[in-house]
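**Q** Sequential numbering from 0 applies to the sequence shown in numbering that gives the first Met the number 0. Backbone N, C-alpha and C define an ideal beta-carbon position, used for all residues, glycine too. Values in this document were obtained by computation on a predicted structure and should not be read as measured data.
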Amino acid sequence: MKKEYDILVIGSGLGGLVSALVLAKEGLKVCVLEKNNQYGGNLQTFSRDKLIFDTGVHYLGGLSKGQNLNRFFSYLEIMEDLELQQMDEDGYDRISFGDDAIEYPHAQGYQNFAEQLCKHFPEEKENLENYCEEIQYVCSQFPRYNVVGKDNYNEEILHLNTKRFIESVTQNTKLQSVLLGSNFLYAGDSENVPFYVHALTVNSYIQSAYKCVKGGSQISKLLIRKLRQYGAEVHKHSEVSDFVFDENNVLTSVRTKEGKEYAAKQFISNIEIRATIKLIGEERLKKSFLNRVLSWKPVSSCFSIYIVLKPHSLPNFNYNIYHYSSEEQVWNAFQYRKEAWPETYMLSSTASKHHPEFAESLTAITYMDFDEVKEWESTFNTVADEHERGEGYEKFKFEKTEKMLEALEKRIPNLRHAIKRIYTSSPLSYRDYIGNFEGNMYGYMKSSENPLKTMVSPRTKIDNLFLTGQSVNMHGILGVTIGAFNTCAEILGKDTIDRHLKKII
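1. How many whole angstroms separate the CB atoms of Y58 and M86, which I take to be in contact at a CB cut-off of 8 Å?
2. For L370, which three-state DSSP category applies?
3. Please state whether the Cβ-Cβ distance between T365 and S347 is less than 8 Å.
4. Between K460, I94, A23, which lies nearest to K515 when the distance is taken from Cα to Cα?
5. Verify whether the separation of the beta carbon atoms of S446 and N191 is less than 8 Å.
6. Threshold first: 3 residues or longer. Then list the beta strand (DSSP E) segments lying entirely within the segment 191 to 258, N to C.
7. With respect to the beta strand (DSSP E) encompassing M345, which residues constitute its N-terminal and C-terminal limits?
8. Out of R410, P450, L427, N485, state which residue places its alpha-carbon closest to the alpha-carbon of I101.
9. Give a yes or no on contact between the segment 26 to 39 and the segment 220 to 237, applying the rule of three or more CB pairs nearer than 8 Å.
10. Alpha carbons only, please: which of N269, L199, K225, I51 is nearest the one belonging to L466?
11. What first and last residue would you give for the beta strand (DSSP E) that runs through N319?
12. Taking the beta carbon of K124 as the centre, do at least 16 other beta carbons fall within 10 Å, making it buried, or is it exposed?
13. On a CA-only basis, which of C138, H197, E155 is nearest K162? Give me that one, please.
14. Looking only at DSSP bridge pairs, what is S300 linked to?
15. Within 10 Å of its beta-carbon, does P314 have 16 or more other beta-carbons around it, so buried, or fewer, so exposed?
16. Skipping 5 residues on each side, what residues in its chain have a beta carbon closer than 8 Å to that of W295?
17. By DSSP's criteria, T423 is part of a beta bridge. Which residues make up the other side?
18. For the beta strand (DSSP E) that R93 lies in, which residues bound it at each end?
19. Return the CA-CA distance between F72 and Y204, expressed in angstroms with no decimal places.
20. Let's test the definition: count the other Cβ atoms within 10 Å of the Cβ of G12 and tell me whether it reaches 16, buried, or not, exposed.
21. By Cβ distance below 7 Å, which residues in the same chain neighbour A23 in space, the five residues on each side in sequence not counted?
22. By Cβ distance, which residues of its chain are closer than 6 Å to V243, with the 5 residues on each side in sequence left out?
23. Should Y136 be labelled buried (16 or more other beta-carbon atoms within 10 Å of its own) or exposed?
24. What number of angstroms, rounded off, separates the C-alpha of F316 from the C-alpha of K352?
25. Hey, out of L407, E338, F96, whose CA is closest to E326's CA?
26. Between which residues of its own chain and E271 is the CB-CB distance below 7 Å, once the five residues before and five after are set aside?
27. Counting pairs of beta carbons, one from the segment 13 to 21 and one from the segment 482 to 502, are three or more of them closer than 8 Å?
28. Near D384, which residues of its chain fall below 8 Å by C-beta distance, leaving aside the five closest residues on each side in sequence?
29. Within the chosen definition, does the segment 158 to 176 reach the segment 202 to 217 through at least 3 CB pairs nearer than 8 Å?
30. By the three-class DSSP mapping on this structure, what secondary structure does V31 have?
31. Could you spell out where the alpha helix (DSSP H) holding D497 opens and where it closes?
32. Where does N115 sit, in a helix, a strand or coil, going by DSSP?
33. When we look at the beta-carbon of N67 and count the other beta-carbons within 10 Å, is it buried (16 or more) or exposed?
34. Tell me the residue span of the beta strand (DSSP E) that contains V329.
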């Protein structure tokens, strides 16, 4: 006999877990199904050599008292239990170019942000202050970004183009590149992406920037603990393979690959939007909607190396390094020449537990097109379902790792001497473990020319099916959290959500 729930959530990424907890707190009977061995989607971590490595979450913004993510996490009752370390206030991100030895800082706090960059660009003080004001203004125009606020988007702001805006702020080309230096956070397309994506992304980090001690998976673990406290069920190794509809086209239940059936009154899909469409069945959806979604271009995927260091071999640094082969590379960093790969990378370190002045590990991430691993696309490899990809794939990863190390040693001479062991992940790893289409990092490309094309309502044409996650509007920890609250507002009503959030200061 199948159990029936009020809400069934498919996928345990951040959007699914947040949606489930918001609804469970309302007294609804909630169940979450996850296909993998580990919960959390992009929040997943893995352990090697007794060290923890993050797959997707390397730092968080907006977590200081009164800031937006702090307020959302406080409502979810996980804020006080998060183990956090604040990053360098005078430069949580450092931007570097080619052979230029200077690392240009992005500092925490808007006044400090402008002051630190003024040390390198003293004649740009007014322009930097204008940039900071515009970032904050654009963010103020978005519903739910300030927790409780406007009901609708300002559509004029959606069409602002990042390249045109940055060029209007300053004519100094180096400063333009520095301001765009963390565009890895939205997949590097600063020429075409709407300015609101840049603004919403960098604003929270300028407000405050933190690392998760023990990795981002602590967020999913805390959310699941809270879910169970509120009576929700959470099941892994439960891959949904079929949606079951009645004669009135109402979704009544789902079946898993294991043959179990779960019935519910309402459903939330937190899995990749193309996978959701496949489960719904294209015949149940409007052709115009189908064509729009299937025309979206996935953002680039990435290749990552995870370096275990020898003890006391490398000083720790409490910031991220974003390095580019040239200043021009910043505008569309995801477009690289294979012969010059890697042309850009993000590098972060983790402090040793017992000797925090030294790093115990490094993570370096660069762009990689899915085409580079296409010959192995028919192979899948997860903890639950492991397959060898063969010598060709191992050779491919080895060669790419060597090129990454060559690039890193230009900034950290003799790095190889400090390395104990190296692990890697490719676009196939991100596809298999996180479920992203072609291993893309952050959903789909957005364009200022047609910003509404990639915006999707959480409410679908199936009356009792809702969407959440990074495929729906904004990506990132904050973007997905906001999206989950918006999904719940469709189910519970906006006034109910606003009333609860207004109580969180």
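**A** This is what the structure gives:
1. Between Y58 and M86 a beta carbon distance of about 6 Å is seen, short of the 8 Å cut, so the two are scored as contacting.
2. Here residue 370 is Asp; the residue named in the question, Leu, does not match the sequence. Of the three classes helix, strand and coil, the one that applies to D370 here is helix, per DSSP.
3. Not closer than 8 Å, so no.
4. Any property of residue 515 remains undetermined from this structure, which presents the chain solely from 0 to 504.
5. Yes, the Cβ-Cβ distance between S446 and N191 is below 8 Å.
6. Taking 3 residues as the minimum length, the beta strand (DSSP E) runs contained wholly in the segment 191 to 258 are 208 to 211, 232 to 234, 239 to 244, 250 to 255, in order along the chain.
7. From DSSP, the beta strand (DSSP E) with M345 extends over 343 to 350.
8. The candidate whose alpha carbon is nearest that of I101 is R410.
9. Yes: the two stretches touch, three or more of their Cβ pairs being nearer than 8 Å.
10. When each option's Cα is compared against that of L466, the closest is N269.
11. Annotation for N319: the continuous beta strand (DSSP E) segment containing it runs 319 to 323.
12. Classification for K124: exposed.
13. The shortest Cα separation from K162 among C138, H197, E155 belongs to H197.
14. In DSSP, S300 forms a bridge with M367.
15. Answer is exposed; the Cβ neighbour count stays below 16.
16. Within the same chain, Y443, M444, K452, T453 come within 8 Å of W295 by CB-CB distance, once the 5 residues on both sides are set aside.
17. Checking the DSSP bridge columns, you'll see T423 partnered with I304.
18. Unbroken beta strand (DSSP E) run through R93: 92 to 96.
19. Y204 has its alpha-carbon roughly 16 Å from the corresponding atom of F72.
20. That one is buried.
21. So the list reads V29, L226, Y229, G230, A231, once near-sequence residues are dropped.
22. Excluding sequence neighbours, V243 sits near T251, S252.
23. Under a 10 Å Cβ-count criterion, Y136 is classified as exposed, with fewer than 16 other Cβ atoms of the shown protein chains found around its own Cβ.
24. Their backbone Cα atoms lie some 14 Å apart in a straight line.
25. Among L407, E338, F96, the Cα nearest to that of E326 is on F96.
26. Same-chain partners within the cutoff: G434, N435, F436, S470.
27. Yes: at least three Cβ pairs fall under 8 Å.
28. Here the model assigns D384 a pLDDT of 49, short of 50, so the residue's position is not dependable and the matter cannot be decided.
29. Judged by Cβ distances under 8 Å, the segment 158 to 176 makes no contact with the segment 202 to 217, as fewer than three pairs qualify.
30. V31 sits in a strand when the DSSP states are folded into three classes.
31. Looking at the DSSP string, the run of the alpha helix (DSSP H) that includes D497 is 493 to 501.
32. What sits at residue 115 in the sequence shown is Gln, not Asn. When DSSP states are grouped into helix, strand and coil, Q115 belongs to the helix group.
33. The residue is buried, with at least 16 neighbouring Cβ atoms inside 10 Å.
34. That residue, V329, is in no beta strand (DSSP E); it is neither H nor E in DSSP.
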